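Report on one structure; see the data block that follows.
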Amino acid sequence: MLVGDGAMRFIHLCICSDDSDFRPAVVAIRSAVASSRQAHRFVFHLVTTPELSVRFSRAAKLQLPGVRIEVHADEEIQSAIQSRIEFRDTAGRKGLASAFNFAPFYLPLFLTPSSETFTSQTRRLIYFDADIVLLGDLAEVFDMDMEGKPCAAVPYCNQKMQKYVNFNVLKTLVTSETIDPSSCIANRGLLLIDVKAWADLKLTESIEFWLEQYRKADGELWVGGMSQPPWLLAINGNYMQLNADWNCNSLGRHSMGNLEVAQLHSLGFEEDHLTSLRVETTSWGVVPYVVTCSNSAKLLHYNGAMKPWLLDSDTVQVPVCTMPQALSEYHFNWVQEVEILGVTYTFVTCSEIWSLFLADDLLYSEPVNTTAEGVEELQRREDAKTWANKINADREKRQKDKEWREKQLAERRKKLAGGYYTGQTIQAAHDISVRGKIVVRKNCEGVVQGPSLNHPTERLNVLFKERRDKKTRSINVLPFEVKPSDKDKET
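First residue of the sequence shown? That's 623 in this note's numbering, and the numbers climb one at a time after it.
This is the structure we're talking about:
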């Protein structure tokens, strides 16, 4: 058992966000409380901007009665963090350069001066992203044996360090660190921190060191992220591993790549199964994402552009999830069962899981402002709508293309004189003459172009591959003058 934090042994749970839409944070908090037998120990800390802190405090009283919440804001610390961040286009969207994306590395600085429960003697805290739903008890994570490690996180071996870090650039830097390019990354969406061990190892200072190297490097030291790579470099594998069920991700992604589809097929999913889930196959994967880890997951991560709170209510094609066991008693609006290799999978929409923990829209009652923050919020909403609209447009285009092809095929299949159809490959049944001269030899292949213009019910218009008079024009023939090609019979 841990000591400190008073007789009650508070469990400190932290969210860092400058998002003016509080619904994600409220859903994360509600789901954490609903999923724990020890919620009375929970103290939620929201680290945000001074401007948003007042609004969130008011919203928390209305939407989270009985939940202990402390809101923290420190403009000086926020500015100090921001001064260390340099944004480059290879990092992804600009929102990743927010100081609050790095605030988890500075939590004691934010909490200690203003908290009624977190003190300089507090040993542990948990950070989690706002775009999650918790279905497991965070008390289990908080009380685990960390074996002296500074933090605990979920390893993610589908991605390696070399995906984030440019090791060619890393070799040019003067550092005593040895980093393995093939080592698994860790996911920072849920992070248990031993405050003392973290401080003793100077991990925040190490993260700042890597941020400085990033600014100084001639090339791109890392790509595809802002706060994740320097944290990965700083911990360099020195963390306690959490079970994979604490990181079921991709619930907000619009599609699966071919490698991910291959994994889906390895489970036995076929085209008919996907169709029943309102999922379509494309040349580059499937749309939208199919989540299979949600059945037994303890944490659902809505990473991706199609976040539930950004989607229109009438969007049909959204990511689908296996129904979580913890929510099996709920009535979902859309449920689809799929039987694969003797196993029945029950799917629901991932967005509806999230919506179960949202009571109403009061959390976003104030209009979006025209500041940079407001513009970014609008952009996020537009991005989600763009993906949803793209999925719908792609589906409509594929449907129209299919209908056009079927119409063309139907036109071709219309019976002409002798029972032939347009596009059919035929052969000359005997030598064919025009004005007494043989122009087509017996067995010469040709393609039916359609009916004869002058005698549509009696003759066929055929373009033969070779005419003895070297002309390339089609000729009109009677049905008995041709016969189906051997190739046509085979097909």
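Backbone N, C-alpha and C define an ideal beta-carbon position, used for all residues, glycine too.
Treat the numbers as computed from the prediction; the structure is a model and nothing was measured.
Cα-Cα separation between residue i and residue j, rounded to whole angstroms
| i | j | result |
| --- | --- | --- |
| residue 1043 | residue 977 | 55 Å |
| residue 594 | residue 948 | The structure shown does not extend to residue 594, since the chain is modelled only from 623 to 1113, so the question has no answer here. |
| residue 631 | residue 813 | 19 Å |
| residue 825 | residue 728 | 10 Å |
| residue 1107 | residue 1048 | 4 Å |
| residue 808 | residue 1024 | 44 Å |
| residue 689 | residue 707 | 34 Å |
| residue 868 | residue 672 | 31 Å |
| residue 989 | residue 854 | Here the model assigns residue 989 a pLDDT of 41, short of 50, so the residue's position is not dependable, and the following value carries that caveat. The straight-line gap from Cα to Cα measures roughly 38 Å. |
| residue 987 | residue 701 | Unreliable placement is indicated for residue 987, whose pLDDT of 35 sits below 50; the coordinate value is still reported in the next sentence. If I take the Cα positions, the gap works out to 28 Å. |
| residue 704 | residue 818 | 25 Å |
| residue 1050 | residue 963 | 52 Å |
| residue 1022 | residue 1030 | 12 Å |
| residue 982 | residue 970 | Any reading at residue 982 must be qualified, since the residue scores a pLDDT of 48, below 50, and its modelled position is unreliable; the value itself is stated next. Roughly 21 Å separates the two Cα atoms. |
| residue 815 | residue 696 | 21 Å |
| residue 1103 | residue 1032 | 25 Å |
| residue 800 | residue 876 | 37 Å |
| residue 650 | residue 782 | 28 Å |
| residue 794 | residue 827 | 21 Å |
| residue 680 | residue 965 | 47 Å |
| residue 676 | residue 633 | 24 Å |
| residue 1116 | residue 1105 | This structure cannot speak to residue 1116, because the chain is shown only from 623 to 1113. |
| residue 747 | residue 980 | 25 Å |
| residue 984 | residue 653 | Any answer about residue 984 is weak, because its pLDDT of 38 lies below 50 and its placement is not dependable; what the coordinates show is given next. Approximately 18 Å between the Cα atoms of the pair. |
| residue 893 | residue 907 | 12 Å |
| residue 777 | residue 1046 | 59 Å |
| residue 939 | residue 903 | 13 Å |
| residue 1041 | residue 1064 | 20 Å |
Extent of the continuous beta strand (DSSP E) run through residue i
| i | result |
| --- | --- |
| residue 922 | 921–923 |
| residue 789 | Note, residue 789: premise wrong, no beta strand (DSSP E); alpha helix (DSSP H) at 789–792. |
| residue 1066 | Premise fails: residue 1066 is in no beta strand (DSSP E) and is neither H nor E. |
| residue 786 | First-last for residue 786: 783–786, but that is the alpha helix (DSSP H), not the beta strand (DSSP E). |
| residue 809 | 806–816 |
| residue 958 | 958–962 |
| residue 689 | Looking at the DSSP string, residue 689 is not in any beta strand (DSSP E), and its letter there is neither H nor E. |
| residue 902 | 902–904 |
| residue 948 | From DSSP, residue 948 is part of no beta strand (DSSP E); its letter is neither H nor E. |
| residue 932 | Unbroken run through residue 932: none, as it is neither H nor E. |
| residue 1055 | 1054–1056 |
| residue 1098 | 1097–1099 |
| residue 638 | 633–638 |
| residue 909 | 907–909 |
Contact under 8 Å by Cβ, residue i with residue j
| i | j | result |
| --- | --- | --- |
| residue 638 | residue 669 | yes |
| residue 1082 | residue 1038 | yes |
| residue 1072 | residue 1085 | no |
| residue 846 | residue 786 | yes |
| residue 955 | residue 849 | no |
| residue 874 | residue 926 | yes |
| residue 646 | residue 931 | yes |
| residue 1119 | residue 960 | The question about residue 1119 has no answer here: the residues shown for the chain are numbered 623 through 1113. |
| residue 635 | residue 750 | yes |
| residue 832 | residue 852 | yes |
| residue 1089 | residue 1061 | yes |
| residue 958 | residue 886 | no |
| residue 667 | residue 720 | no |
| residue 975 | residue 755 | yes |
| residue 973 | residue 933 | yes |
| residue 642 | residue 674 | yes |
| residue 1066 | residue 1093 | no |
Element boundaries [alpha helix (DSSP H), containing residue i]
| i | result |
| --- | --- |
| residue 826 | 825–838 |
| residue 745 | No alpha helix (DSSP H) contains residue 745, which DSSP labels as neither H nor E. |
| residue 650 | 645–656 |
| residue 677 | 672–685 |
| residue 1106 | Premise fails: residue 1106 lies in the beta strand (DSSP E), 1104–1106, not in any alpha helix (DSSP H). |
| residue 898 | 893–898 |
| residue 699 | 697–705 |
| residue 887 | 880–888 |
| residue 977 | 972–977 |
| residue 856 | 850–857 |
| residue 761 | 760–764 |
| residue 666 | Counting along the chain, residue 666 falls outside any alpha helix (DSSP H), though it belongs to the beta strand (DSSP E) covering 664–669. |
| residue 729 | 729–733 |
Three or more C-beta pairs closer than 8 Å, one from the stretch 880–892 and one from the stretch 836–855: is that the case here?
-> The stretch 880–892, when compared against the stretch 836–855, does not touch it at the 8 Å Cβ threshold.
Three CB pairs or more closer than 8 Å across the stretch 943–956 and the stretch 913–932 | With the cut-off at 8 Å, the stretch 943–956 and the stretch 913–932 touch.
Three or more C-beta pairs below 8 Å linking the stretch 755–770 and the stretch 652–669 = The stretch 755–770 is in contact with the stretch 652–669.
So does the stretch 765–772 actually touch the stretch 842–862, counting three or more Cβ pairs closer than 8 Å?
-> A contact between stretches requires three or more CB pairs, one per stretch, nearer than 8 Å, and the stretch 765–772 meets this requirement with the stretch 842–862.
Just checking, does the stretch 740–748 make contact with the stretch 908–915 on the three C-beta pairs under 8 Å criterion?
-> When Cβ pairs closer than 8 Å are counted between the two stretches, the stretch 740–748 is seen not to touch the stretch 908–915, the count staying below three.
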